[in-house]
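Those sequence lines, one after another, are chains A and B. Per our numbering, the first sequence starts with residue 1, numbered consecutively. Per our numbering, the second sequence starts with residue 1001, numbered consecutively. Cβ coordinates follow ideal geometry from the N, Cα and C atoms, glycine included. Just so you know, these numbers come straight off a predicted model, no measurement behind them. Working notes, beginning with the structure itself.
Protein chains: 2
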Amino acid sequence: MLAEQRRTLILEIINRKGSVSITELHQRLEVSRETLRRDITRLSEEGRLNKIHGGALSSSSLEPAFTERMSQNIEGKRAIGRLAAQLIPDGMSVILDSGTTTLCMADFLMERRGLTVYTNDLQIAAKLAGLNENRVLILGGEVQGADGAIFGHDASQMLENYFADFAVVGISAFSPERGLTDYSREAAELRSQMLNHARVNILLADHTKFERQAPVNISGFEHLDNLVTDLKPGPGMAKAIKNMFRKVHVAGKSRG
Amino acid sequence: MLAEQRRTLILEIINRKGSVSITELHQRLEVSRETLRRDITRLSEEGRLNKIHGGALSSSSLEPAFTERMSQNIEGKRAIGRLAAQLIPDGMSVILDSGTTTLCMADFLMERRGLTVYTNDLQIAAKLAGLNENRVLILGGEVQGADGAIFGHDASQMLENYFADFAVVGISAFSPERGLTDYSREAAELRSQMLNHARVNILLADHTKFERQAPVNISGFEHLDNLVTDLKPGPGMAKAIKNMFRKVHVAGKSRG
DNA sequence: TCAAAATAGGTCAAAAACGGTCAAAATACC
DNA sequence: GGTATTTTGACCGTTTTTGACCTATTTTGA
């Protein structure tokens, strides 16, 4: 790879993700950290990005509402996202639900190549489209307020035509008494449909979602394939989880 | 192989891949690195590619990156966007096409209240959703590369169910000989459909779109309602425009 | 607050690429 | 066929890029 190409790629990554670490670039590109630091220093002198300790930030940081929403348990969500992304190989097709946890996962999916992604989240679509020969299909419909999620009849109708290798769905609430529940009928229905339109399903839930109940039941699932969470659940939850999920992945809390 | 053939081949490779290294060419063609360097130097002097350390980059990629396109005639596009937005009152429903000019218009639409917006552009959706009690519906389908535009069957199928007060569509190319043309069949079809699904249609074209032709015709329109542009077109264009549009709005440009 | 870990920044040497010159080869022209 | 011109490949000194090493600084976690 040519040096100029590499620098362009760095800019591209930064403009998509908003930021990037030297370590991350080092894992992805086959050059030394020193070279990457020099690249970043140079791009920073040209005013094309902001150099910070450990990496760089986008200079034209037009990242809407990202930081505020992500502030809750960001560590846990990133750990979950990283682990869940490891379950998805290159070239797979993935239905990717809206939400902050799935958005974290999308960060790590940026390292994959040739994915086909179906999503109902504007930010996820923007993040993964046009990258690494991915195909991104967004489910149509009404965009919810500021979080960029899409639910409703249009999305369901479109999803009806597709079937994927994986479905990755965020959980709003999970309690031993009522199982999976959600905050709106539209969300519950679309998430059900997502789970039914993939060979393998993966549910993401950080520990704050446990022992919580929301108004609408997500029904019709005796068994689900994978649950990814960030902390070992308490005994009551653990039993309920064991009854419902074939496999549980606990992401050891780590920095990212 | 003749020298001229070789240089043509180099250009071909660059235009296909976007870039090439001297080493790569050396492995592929049976000539020395010195010769290749001379070729690249020469082609660079002719402005047919960009010479960089270790190789060369495409000088005019067929589709300029979104950020570049955005900066092309930004003044004109903002003037058009401001004027076009004045045509849309509060509370209306609007089909808003993807593109840099419509994105500029969306900036000014942020001042409106209670709009219902149908769009096939991720950035426009993100900009207007959750603002001023607007409803934003995004047309589903495959997201094009980095510019966040959506075309194709899914989008058409969804749009079929809706009808709006206004349709605002960006023009890719407009010439007296062939009228409206576009770069892909999908784009041409969706734009046609947009125009047919609103009471009033508004087409946006900065002056760089005039006297240009693209491969696919946008047909089926004897008359259209409004054209918004940034500069008075030349005589040939003016006549063609007069024949096609009921009303033409020229946004006074700030610079000369 | 302190210590360990991660990162930054500088120097240096190796590797790669550049640019110029020159002679050989290919081509064009008479 | 002979000569002039262009193209090509080789050589070599110079420049740029890169990776390794070392030390200083910052960050992180206890």
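Extent of the continuous alpha helix (DSSP H) run through residue i
{"i": "leucine 203 of chain A", "result": "Here leucine 203 of chain A belongs to no alpha helix (DSSP H); instead the beta strand (DSSP E) covers 198–204."}
{"i": "leucine 1043 of chain B", "result": "1033–1045"}
{"i": "isoleucine 241 of chain A", "result": "235–244"}
{"i": "valine 138 of chain A", "result": "At residue 138 of chain A the sequence reads isoleucine, which differs from the valine that was named. Where isoleucine 138 of chain A is concerned, there is no enclosing alpha helix (DSSP H), although the beta strand (DSSP E) it sits in stretches over 135–138."}
{"i": "alanine 1084 of chain B", "result": "1074–1086"}
{"i": "glutamine 1123 of chain B", "result": "1122–1128"}
Opposing strand residues paired with residue i [DSSP bridges]
{"i": "alanine 56 of chain A", "result": "A/Val20, A/Lys51"}
{"i": "lysine 247 of chain A", "result": "A/Asn226"}
{"i": "phenylalanine 1166 of chain B", "result": "B/Val1094, B/Val1200"}
{"i": "leucine 180 of chain A", "result": "A/Phe174"}
{"i": "isoleucine 150 of chain A", "result": "A/Val143"}
{"i": "asparagine 217 of chain A", "result": "A/Thr181"}
{"i": "threonine 1119 of chain B", "result": "B/Leu1096, B/Ile1138"}
Alpha-carbon to alpha-carbon, residue j and residue i
{"i": "alanine 65 of chain A", "j": "isoleucine 1040 of chain B", "result": "Its pLDDT being 38, under 50, alanine 65 of chain A is placed unreliably in this model, and the value from its coordinates should be taken loosely. Going from the Cα of alanine 65 of chain A to the Cα of isoleucine 1040 of chain B covers about 46 Å."}
{"i": "methionine 158 of chain A", "j": "leucine 115 of chain A", "result": "19 Å"}
{"i": "arginine 1255 of chain B", "j": "glutamate 1075 of chain B", "result": "Only weak support is given to the placement of arginine 1255 of chain B: the predicted model assigns it a pLDDT of 39, under 50, and the question is left unresolved by the model."}
{"i": "alanine 1173 of chain B", "j": "glycine 1140 of chain B", "result": "25 Å"}
{"i": "methionine 70 of chain A", "j": "serine 1156 of chain B", "result": "Its pLDDT being 49, under 50, methionine 70 of chain A is placed unreliably by the model, and the measurement read from it follows with that caveat. Those two C-alpha atoms are separated by around 34 Å."}
{"i": "alanine 187 of chain A", "j": "serine 98 of chain A", "result": "10 Å"}
{"i": "valine 1250 of chain B", "j": "glutamate 1142 of chain B", "result": "34 Å"}
{"i": "arginine 1212 of chain B", "j": "serine 1175 of chain B", "result": "5 Å"}
{"i": "leucine 1057 of chain B", "j": "glycine 1018 of chain B", "result": "6 Å"}
{"i": "arginine 1112 of chain B", "j": "phenylalanine 1166 of chain B", "result": "14 Å"}
{"i": "leucine 1083 of chain B", "j": "valine 168 of chain A", "result": "44 Å"}
{"i": "leucine 1131 of chain B", "j": "glutamine 144 of chain A", "result": "11 Å"}
{"i": "arginine 1199 of chain B", "j": "alanine 1164 of chain B", "result": "7 Å"}
{"i": "histidine 1026 of chain B", "j": "leucine 87 of chain A", "result": "40 Å"}
{"i": "glutamate 63 of chain A", "j": "isoleucine 1095 of chain B", "result": "The predicted position of glutamate 63 of chain A is uncertain, since its pLDDT is 39 and thus under 50; a value taken from the coordinates is nonetheless stated next. Looking at the two C-alpha atoms, the distance is approximately 25 Å."}
{"i": "glutamate 1160 of chain B", "j": "aspartate 154 of chain A", "result": "11 Å"}
{"i": "leucine 1036 of chain B", "j": "asparagine 201 of chain A", "result": "52 Å"}
{"i": "arginine 135 of chain A", "j": "threonine 101 of chain A", "result": "21 Å"}
{"i": "lysine 1239 of chain B", "j": "histidine 1197 of chain B", "result": "27 Å"}
{"i": "lysine 209 of chain A", "j": "glutamate 1133 of chain B", "result": "30 Å"}
{"i": "glutamate 189 of chain A", "j": "leucine 1227 of chain B", "result": "43 Å"}
{"i": "isoleucine 124 of chain A", "j": "glutamate 4 of chain A", "result": "28 Å"}
{"i": "alanine 85 of chain A", "j": "phenylalanine 1108 of chain B", "result": "39 Å"}
{"i": "lysine 77 of chain A", "j": "glutamate 45 of chain A", "result": "34 Å"}
{"i": "proline 1235 of chain B", "j": "isoleucine 1052 of chain B", "result": "43 Å"}
{"i": "leucine 11 of chain A", "j": "glutamate 34 of chain A", "result": "17 Å"}
{"i": "isoleucine 22 of chain A", "j": "isoleucine 218 of chain A", "result": "42 Å"}
{"i": "glycine 1148 of chain B", "j": "leucine 122 of chain A", "result": "10 Å"}
Span of the beta strand (DSSP E), counted from its first residue to its last, around residue i
{"i": "threonine 101 of chain A", "result": "Segment 100–109 is the alpha helix (DSSP H) holding threonine 101 of chain A; no beta strand (DSSP E) there."}
{"i": "serine 175 of chain A", "result": "173–175"}
Supposed contact pair residue j and residue i - C-beta distance, whole angstroms, cut 8 Å
{"i": "methionine 1110 of chain B", "j": "lysine 1127 of chain B", "result": "7 Å"}
{"i": "leucine 1203 of chain B", "j": "isoleucine 1171 of chain B", "result": "5 Å"}
{"i": "methionine 1237 of chain B", "j": "glycine 1179 of chain B", "result": "Wrong, their Cβ atoms sit about 11 Å apart, outside the cutoff."}
{"i": "histidine 1207 of chain B", "j": "threonine 1229 of chain B", "result": "6 Å"}
{"i": "valine 216 of chain A", "j": "serine 184 of chain A", "result": "6 Å"}
{"i": "tyrosine 1118 of chain B", "j": "leucine 1137 of chain B", "result": "5 Å"}
{"i": "glycine 1055 of chain B", "j": "valine 1020 of chain B", "result": "5 Å"}
{"i": "leucine 1029 of chain B", "j": "arginine 1006 of chain B", "result": "6 Å"}
{"i": "isoleucine 80 of chain A", "j": "asparagine 120 of chain A", "result": "The Cβ separation is near 19 Å, so there is no contact."}
{"i": "aspartate 225 of chain A", "j": "lysine 247 of chain A", "result": "7 Å"}
Near the ligand FMN: residue i beta-carbon under 7 Å from a heavy atom
{"i": "phenylalanine 151 of chain A", "result": "Ligands are entirely absent from the displayed structure, and the ligand FMN is therefore not among its contents."}
**Report entry** Residues of the stretch 1046–1058 of chain B whose Cβ lies closer than 8 Å to any Cβ of chain A, in chain order
**Finding:** Ile1052, His1053, Gly1054, Gly1055, Leu1057
Query raised in the report: Using a Cβ cut-off of 7 Å, which residues of the stretch 104–133 of chain A contact any Cβ in chain B, in chain order?
Result: Under the 7 Å Cβ criterion, the stretch 104–133 of chain A contributes Leu122, Ala125, Ala126, Ala129, Gly130.
Requested in this report: Mind checking the stretch 1152–1171 of chain B against chain A and listing, in chain order, the residues whose C-beta falls within less than 8 Å of any C-beta there?
Outcome: Asp1154, Ala1155, Gln1157, Met1158, Asn1161
Report task. Mind checking the stretch 5–32 of chain A against chain B and listing, in chain order, the residues whose C-beta falls within less than 7 Å of any C-beta there? Result -> Gln5
Requested in this report: With 7 Å as the limit, tell me which residues of the stretch 1187–1199 of chain B have their beta carbon closer than that to any beta carbon of chain A; keep them in chain order.
Outcome: none
**Report entry** Members of the stretch 135–151 of chain A that neighbour chain B once the beta carbon cut-off is set at 7 Å
**Finding:** Arg135, Val136, Leu137, Ile138, Leu139, Gly140, Gly141, Glu142, Val143, Gly145, Ala146, Gly148, Ile150
Report task. Pull out every residue of the stretch 210–239 of chain A whose Cβ sits closer than 8 Å to any Cβ of chain B, in chain order. Result -> none
Query - Near-chain B residues of the stretch 242–253 of chain A - C-beta to any C-beta below 8 Å - result: Answer in chain order: no residues at all.
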